[in-house]
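> Right, I'll just put the structure down here and ask away after.
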């Protein structure tokens, strides 16, 4: 990525080539032009698909990503390709949510981030893992603790 106003992106504006396996390298960041201001970015992926690592049966979910950016933000087409890369990836629901969060932290170094997976029922049980992170030694670390302990599985979240 360039440091001036011209951003070189690999996916945006190009013919879409979908990854065939888990591909964190497709994630791209763009500069946050409002880094002095705190604001929330919420990203919803209502058609997320992965595979059960034991049965290879498909698992369906809505993935919800909320973050307060610092200097960088995730570019949305690269995020779409990244999330698509889980389609043939076998992992448990709880692992998926944490891997997504870890990959986005590595990419953006946000002030705060949380990831929720609202997985559709399999065997009569829905699993909704939640993970969050706040930058250490900042007010965002306290925010992460507060939101973690207040988290609930209300349907309106």
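In this note's numbering, the protein residues as written are 190 to 346.
Beta carbons are placed, not taken as given, at the ideal position from N, Cα and C, and that holds for glycine.
Since the structure is predicted, the reported quantities are computational estimates derived from the model, not experimental observations.
Between the stretch 304 to 311 and the stretch 324 to 331, do at least 3 Cβ pairs fall closer than 8 angstroms?
Verdict: no, contact absent.
> Within the same chain, show all residues whose beta-carbon is closer than 7 angstroms to that of residue 198, passing over the 5 residues directly before and after it, in chain order.
Translated into the one-based positions of the chain shown, residue 198 becomes position 9. Excluding sequence neighbours, residue 198 sits near 217, 264.
> Helix or strand or just coil, what does DSSP make of residue 218?
Working through the chain shown from its first residue, we reach residue 218 at position 29. Correct three-state label for residue 218: strand.
> Suppose the cutoff is 8 angstroms on Cβ atoms and the five residues either side in sequence are ignored; what does the same chain contact list for residue 221 look like?
Numbered from its first residue, the chain shown carries residue 221 at position 32. Around residue 221: 258, 259, 260, 261, 262.
> Counting along the chain, where does the beta strand (DSSP E) carrying residue 249 start and finish?
The residue given as residue 249 occupies position 60 in the chain shown. Run containing residue 249: 247 to 257, per the beta strand (DSSP E) assignment.
> Between the stretch 269 to 276 and the stretch 310 to 317, do at least 3 Cβ pairs fall closer than 8 angstroms?
Touching, no.
> Within the continuous alpha helix (DSSP H) that includes residue 171, where are the two ends?
There is no way to answer for residue 171, as the model of the chain reaches only from 190 to 346.
> Judging by CA-CA distance, which residue of 278, 267, 335 is the nearest neighbour of residue 232?
Taking the chain shown and counting its residues from 1, one reaches residue 232 at position 43. Checking every option, the nearest Cα to that of residue 232 belongs to 267.
> Is it buried or exposed, residue 320, if we count other Cβ atoms within 10 angstroms and call 16 or more buried?
Looking up residue 320 in the chain shown gives position 131. Burial call: buried.
> Could you tell me the alpha carbon to alpha carbon distance between residue 246 and residue 280, rounded to whole angstroms?
As a first step, residue 246 must be located in the chain shown, where it is residue number 57. As a first step, residue 280 must be located in the chain shown, where it is residue number 91. Answer to the nearest angstrom: the Cα atoms are 11 angstroms apart.
> Taking the alpha-carbon of residue 229 as reference, which of 299, 335, 340, 238 has the nearest alpha-carbon?
In the chain shown, residue 229 corresponds to position 40, counting from 1. That would be 299, whose Cα lies nearest to the Cα of residue 229.
> Report the rounded CA-to-CA distance for residue 237 versus residue 331, giving the unit in angstroms.
For the purposes of this step, residue 237 is identified with residue 48 of the chain shown, where counting begins at 1. For the purposes of this step, residue 331 is identified with residue 142 of the chain shown, where counting begins at 1. Taking the straight line joining both Cα atoms gives about 30 angstroms.
> Since I believe residue 252 is in contact with residue 289 (beta carbons under 8 angstroms), could you give me their beta-carbon distance rounded to a whole number of angstroms?
Translated into positions along the chain shown, residue 289 becomes position 100. Translated into positions along the chain shown, residue 252 becomes position 63. Yes, residue 289 and residue 252 are in contact; Cβ-Cβ is about 7 angstroms, under 8 angstroms.
> Taking DSSP as the reference, what is the three-state secondary structure of residue 311?
Taking the chain shown and counting its residues from 1, one reaches residue 311 at position 122. Here residue 311 sits in strand by DSSP.
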